[in-house]
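Only one structure is covered here, and it is reproduced in the block below.
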C-alpha cells in the first residue's frame, strides 16, 4: 500500500499547521473533556519529542484512543469540513521515521484538495494500535469507535471542535478503508464523502472466511503485526466459521458464498449517506470487495448515496505495479479519472457544494461513474484490450459468446 499511496499522492504545499492534542472522555450519559493543547510546526514537521497526552476515551468496551486534529494556522478560528483518517499503523512511529512520514502524509493529504479552503483532519490510532489502548479486535469495534468519534465532533462544535461545520468525510485504503465501512453503516447523515481504496465492507466473505474457508495466510500474517492479533483470530474469529450475527457489524449486507448480494437480508447499507470513490485493482486481494462496496453503496444505500458513487478498477494488486507486468497506459485513465483527480473532485463536490442544489446535481450528472481497465497480454497489439473504458453503471452490460460443439466426424474433424 505504501508505494501505491506515494505514487497517487500529489506534491504538497509547504505551509505551517497546528496539531491539537485532545483528551476527551465519553460516558453513556454525557461527555466531559478538557481544552486541547496545540503545537505549531514548520514544514516538514516531526512528531514532538515529549507530546502531551492526546487520548480519546470511548466506551463499550472502554478504551483510550489517540486522536489528533491537524489544521492550517491560517484557519485558526475558522469553520470548515472535517476529514477523518483512522489508522492502525502507529501514528507516532510514522512521525519518528523521517523516511516514511506516513502519518504526516495522511494528515496533509487534503491540503492539495481544497487549496486555500483547507479542511480539518481528525486523525486517530485505531483500538489496540499505536498510542491507543484496548484490545486489537480486527475491526470488531470500529463501528462504535468511528461512530463515537463523530458524535464527539458534532456535540462539541462550540468548544473543542470549534471548526466543525456539519460536513464530514473519511479517507484511506486497505485497513484504513475497511474501518470506514464499519461506521458508515451507523446512519450518520453528516458523513457525506468517503474515499475508500483496496478494501471491502464484507469481512466474512472477503477478508476472513472467503467461501467459508479461513484465509489463513492473509488474516494470520496481517494480524500477526499487532499485539494480540493472532490470539484474537485463534480464540474468537475461528469460533464463527459461518456468517452468524457476530459478523453483523463487520458487514453491510448479506452475501451468498458466490458473493451475490441478497437485498432482502441483513442490510446496513441502507444507513449509508456518503457519496464515495471506490478504488481497487484487478489483482488485489480485495478486488471483489471493492466492487461489492460500490454496489452496496450505489444500489442499496440511502437516497443520498445512491447514484453518487464512483468505481475505479486498475491493473494493480494491493498497490502499484502488478509484479513485473507493465500494462500500456495503465497510469493514464481518461481525463478526470486519475485517482488523485477523483479524490479531489469528490471532496470538493461534497464539501463545497450543497446537496440538492443545481450545481451539485450537475456535477454528479456530468461525471463518469465507472473507470475500468481491460487487461490482456501486455505485449499484444489489439485496440480492444489493454485500455481504459468508462461506463455509468456496473456490472457492464455484455452478451455472452455462444459456443457450439458437434461430435467428431469420420474425418476426425468437428464441424
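In the numbering used here, the protein residues as written are 9 to 423.
The C-beta atom is built at its ideal place from N, Cα and C for all residues, glycine as well.
Item                                                                                                                                                                                             : Value
Could you please give the first and the last residue of the uninterrupted alpha helix (DSSP H) stretch that includes residue 430?                                                                : There is simply no residue 430 to check, as the chain begins at 9 and stops at 423 in what is shown.
Within 10 Å of its beta-carbon, does residue 287 have 16 or more other beta-carbons around it, so buried, or fewer, so exposed?                                                                  : buried
Is the number of C-beta pairs between the region 171 to 187 and the region 196 to 214 that are closer than 8 Å three or more?                                                                    : yes
Please return the same chain residues whose Cβ sits closer than 6 Å to the Cβ of residue 305, not counting the five positions on each side in sequence.                                          : 280, 284, 313 and 317
With distances taken from CA atoms, which of 345, 406, 358 and 356 is nearest residue 396?                                                                                                       : 345
Taking the alpha-carbon positions, what's the residue 117 to residue 237 distance?                                                                                                               : Interpretation of residue 117 is limited by its pLDDT of 47, a score under 50 that renders its predicted location unreliable; no figure is taken from the coordinates.
Which runs of the alpha helix (DSSP H) spanning at least 4 residues fall entirely within the region 279 to 348, listed in chain order?                                                           : 295 to 308
Is it right to say residue 258 is buried, meaning 16 or more other beta carbons lie within 10 angstroms of its own, or is it exposed?                                                            : buried
Rounded C-beta distance between residue 177 and residue 359? I'm assuming under 8 Å.                                                                                                             : 7 Å
Is residue 267 closer than 8 Å to residue 206 when the C-beta atoms are compared?                                                                                                                : no
Just to confirm before moving on: does the CB-CB distance between residue 146 and residue 293 stay below 8 Å?                                                                                    : no
Can you name the residues that DSSP bridges to residue 261?                                                                                                                                      : 275
To which residues does DSSP link residue 90 through a beta bridge?                                                                                                                               : 128 and 176
Near residue 276, what residues of its chain come up, given a Cβ to Cβ distance below 6 Å and the 5 sequence neighbours on each side ignored?                                                    : 193 and 260
State the start and end residues of the unbroken alpha helix (DSSP H) segment that holds residue 152.                                                                                            : 150 to 163
Within the continuous beta strand (DSSP E) that includes residue 398, where are the two ends?                                                                                                    : 395 to 399
Just mark residue 322 as buried or exposed, buried being the case when its beta carbon has 16 or more other beta carbons within 10 Å.                                                            : buried
In the DSSP assignment, the alpha helix (DSSP H) including residue 380 goes from what residue to what residue?                                                                                   : Per DSSP, residue 380 belongs to no alpha helix (DSSP H); it is in the beta strand (DSSP E), 378 to 382.
What does the alpha-carbon distance come out to for the pair residue 302 and residue 411?                                                                                                        : 32 Å
Checking 8 Å against the spacing of the C-beta atoms, do residue 401 and residue 378 come in under that value?                                                                                   : yes
What's the C-alpha gap between residue 165 and residue 86?                                                                                                                                       : 12 Å
Grab me the residues of residue 14's own chain with a C-beta within less than 6 Å of its C-beta, minus the 5 sequence neighbours each way, in chain order.                                       : Unreliable positioning characterises residue 14 in this predicted model, as indicated by a pLDDT of 36, which lies under 50. A coordinate reading is not provided.
Apart from the five residues just before and just after residue 217, which ones in its own chain have a Cβ nearer than 6 Å to its Cβ?                                                            : none
If you compare alpha carbons, which of 72, 375, 368 and 137 is closest to residue 96?                                                                                                            : 137
Identify, in the order they occur along the chain, each residue of the same chain with its Cβ nearer than 7 Å to the Cβ of residue 173, setting aside the five sequence neighbours on each side. : 87, 88 and 89
What is the residue span of the alpha helix (DSSP H) that residue 489 lies within?                                                                                                               : Coverage of the chain is limited to positions 9 through 423, which leaves residue 489 absent and any answer about it impossible.
Compare the C-alpha of residue 371 against each of 399, 315, 384 and 78 and name the closest.                                                                                                    : 315
Let's test the definition: count the other Cβ atoms within 10 Å of the Cβ of residue 148 and tell me whether it reaches 16, buried, or not, exposed.                                             : buried
Using the rule of at least 16 other Cβ atoms within 10 Å of the residue's Cβ for burial, across every protein chain shown, is residue 405 buried or exposed?                                     : exposed
Beta strand (DSSP E) containing residue 215: first to last residue?                                                                                                                              : Where residue 215 is concerned, there is no enclosing beta strand (DSSP E), given that its DSSP letter is neither H nor E.
Taking only three categories from DSSP, how would you classify residue 71?                                                                                                                       : strand
Going by C-alpha to C-alpha distance, which of 272, 213 and 273 sits closest to residue 249?                                                                                                     : 213
For a quick check, are the C-beta atoms of residue 2 and residue 190 less than 8 Å apart?                                                                                                        : Not covered by the structure: residue 2. The range shown for the chain is 9 to 423.
Is it true that the CB of residue 73 sits closer than 8 Å to the CB of residue 424?                                                                                                              : Outside the modelled stretch of the chain, which goes from 9 to 423, sits residue 424, for which no answer is possible.
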